[in-house]
Amino acid sequence: MSHPRHALNEIIHAPVRLSIVAMLAAAETVEFRFLRDTIEVSDSLLSKHIDTLEKAGYVRVEKGFVGKRPRTWLALTDEGRSAFQDYTSVLRQITEGTHRA
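Residue 704 in my numbering sits at position 8 of the sequence shown, with consecutive numbering throughout.
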């Protein structure tokens, strides 16, 4: 059996994407600007990582308006939620030493 680190999801593993997915896992939807400010990244960096997560099927992007102002809301898909749960399970195996060599 191989070390569990080989099972880490490379899409989620990038620090910014991990921050995005972790925040989305804790809520039904999150507004783009709130997410950007909370994880302390630029609009362009957040957009780039959201695009990667959306292409993987992990994040759903919804655009709309609040009054006349455009807004973007983000949510994890069922696939994204499952991938995050798997990812955190692998991290627990690594950090708790519960894997077998």
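For every residue, glycine included, the Cβ atom is placed at its ideal position computed from N, Cα and C.
All of these numbers come straight from a predicted model, not from anything done at the bench.
If you draw a straight line from the C-alpha of residue 765 to the C-alpha of residue 759, how long is it? As a first step, residue 765 must be located in the sequence shown, where it is residue number 69. As a first step, residue 759 must be located in the sequence shown, where it is residue number 63. C-alpha of residue 765 to C-alpha of residue 759: approximately 11 Å in a straight line.
Opposite residue 768 in the DSSP bridges: which residues? Taking the first residue of the sequence shown as position 1, residue 768 is located at position 72. Answer is 759, bridged to residue 768.
Measure the alpha-carbon distance for residue 748 versus residue 702 and round it to whole angstroms. Position 52 of the sequence shown holds residue 748. Position 6 of the sequence shown holds residue 702. Using only the alpha carbons, I get a separation of about 21 Å.
Taking C-beta to C-beta, are residue 772 and residue 704 nearer than 7 Å? Sequence index remark: in the sequence shown, residue 772 carries index 76 (1-based). Sequence index remark: in the sequence shown, residue 704 carries index 8 (1-based). At the C-beta level, residue 772 and residue 704 stay beyond 7 Å of one another.
The alpha helix (DSSP H) enclosing residue 773, as first and last residue numbers: Indexing the sequence shown from 1 puts residue 773 at position 77. Neither: residue 773 is in no alpha helix (DSSP H) and is coded neither H nor E.
Count the CB pairs spanning the stretch 715-729 and the stretch 772-782 that are closer than 8 Å, and state whether there are at least three. Contact holds: three or more Cβ-Cβ distances are below 8 Å.
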